[in-house]
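Asks: Residues in the sequence shown are numbered from 1 upward in steps of one, following UniProt numbering. Please read through the structure below; I'll follow up with questions.
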Amino acid sequence: MEQTFIMIKPDGVQRGLVGEIIGRFEKKGFTLKGLKFITVDRAFAERHYADLSAKPFFNGLVEYIISGPIVAMVWEGKNVVTTGRKIIGATNPADSAPGTIRGDYAIDIGRNVIHGSDAVESARKEIALWFPEGIAEWSSSLN
Ligand code: CMP
Numbered sequence: 001m002e003q004t005f006i007m008i009k010p011d012g013v014q015r016g017l018v019g020e021i022i023g024r025f026e027k028k029g030f031t032l033k034g035l036k037f038i039t040v041d042r043a044f045a046e047r048h049y050a051d052l053s054a055k056p057f058f059n060g061l062v063e064y065i066i067s068g069p070i071v072a073m074v075w076e077g078k079n080v081v082t083t084g085r086k087i088i089g090a091t092n093p094a095d096s097a098p099g100t101i102r103g104d105y106a107i108d109i110g111r112n113v114i115h116g117s118d119a120v121e122s123a124r125k126e127i128a129l130w131f132p133e134g135i136a137e138w139s140s141s142l143n
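Encoded structure:
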């Protein structure tokens with residue numbers, strides 16, 4: 001079954017959006033497979049965003065991600081990578097539709113509340129980085 005990596009960024013945690021965001025993924029029908037409440041250091045944040053290291057906003061992005069605790073999650077379900085990105089909305093909140101997480105809760109691309117893997121392959125890499133101990137298997141008795 002497809003999995004994706006979802007991170008509630010420090011602004012999402014500080015603004016009290018954790019329950020709201022988790023609720024949106026749960027109510028859609030996806031299954032929570034892993035969750036960590038952690039603060040990461042600079043080296044780890046730079047690894048997560050290594051593909052963006054040449055971007056002018058890279059240092060600011062890393063500062064933002066290490067500025068406070070984040071919620072790192074693995075969600076599972078049919079087409080969860082693509083559908084998860086739809087639930088999250090466009091990267092720039094100016095372009096994200098109302099009804100999406102960023103469309104409802106963000107106005108600034110530099111404080112856009114949440115991250116979701118952009119492809120199945122990047123999800124695999126991000127899950128391996130954030131959950132190197134692996135993801136425990138479980139099945140919901142509701143399904
Ligand atoms: P995310 O989905 O985590 O993927 C990369 C992140 O880089 C993105 O969300 C934003 O937080 C950040 N980002 C992308 N473009 C810009 C930009 N122009 N200025 C500041 N931050 C950006």
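Where is the CB? At the ideal position from N, CA and C, for every residue including glycine. For clarity, every value in this text was computed on a predicted model and none was experimentally measured.
Alpha carbon to alpha carbon, how far is T4 from N79? Give it in angstroms, no decimals.
Replies: As a first step, residue 79 is located in the sequence shown; it is residue number 79 there, counting from the start. As a first step, residue 4 is located in the sequence shown; it is residue number 4 there, counting from the start. Computed Cα separation, rounded: 9 Å.
Asks: Quick check on the burial criterion: 16 or more other C-beta atoms within 10 angstroms. Buried or exposed for R42?
Replies: As a working note, residue 42 is residue 42 in the sequence shown. R42 is exposed by the Cβ-count criterion.
Asks: Can at least three beta-carbon pairs, one atom from the stretch 30-45 and one from the stretch 95-113, be found at a separation below 8 Å?
Replies: No, because fewer than three Cβ pairs between the stretch 30-45 and the stretch 95-113 fall closer than 8 Å, the two stretches do not touch.
Asks: Could you give the first and the last residue of the continuous beta strand (DSSP E) run that contains E76?
Replies: Sequence index remark: in the sequence shown, residue 76 carries index 76 (1-based). It spans 70-76 - the beta strand (DSSP E) in which E76 sits, taken as one unbroken run.
Asks: Would you identify the three-state DSSP class for L35, choosing helix, strand or coil?
Replies: On the sequence shown, residue 35 is found 35 positions in, with the first residue counted as 1. Strand.
Asks: Report the partner residues of M1 according to the DSSP bridge assignment.
Replies: Here residue 1 corresponds to residue number 1 of the sequence shown, with the count starting at 1. Answer is none; M1 lacks a bridge partner.
Asks: The ligand CMP and N112: does the residue's C-beta get closer than 7 Å to at least one heavy atom of that ligand?
Replies: Start at 1 with the first residue of the sequence shown, and residue 112 comes out as number 112. For the ligand CMP, at least one heavy atom lies less than 7 Å from the Cβ of N112.
Asks: Name the one or two DSSP bridge partners that G116 has.
Replies: To locate residue 116, count along the sequence shown from 1; it is residue 116. Paired residues: I6.
Asks: Confirm the yes/no value for this check: CB of I109, any heavy atom of the ligand CMP, distance under 7 Å.
Replies: Mapped onto the sequence shown, residue 109 falls at position 109. Checking the Cβ of I109 against the ligand CMP gives yes.
Asks: Leaving out five residues before and five after residue 145 in sequence, what residues of the same chain have Cβ atoms less than 6 Å from its Cβ?
Replies: Limits of the chain in this structure are 1 at one end and 143 at the other, which puts residue 145 out of reach.
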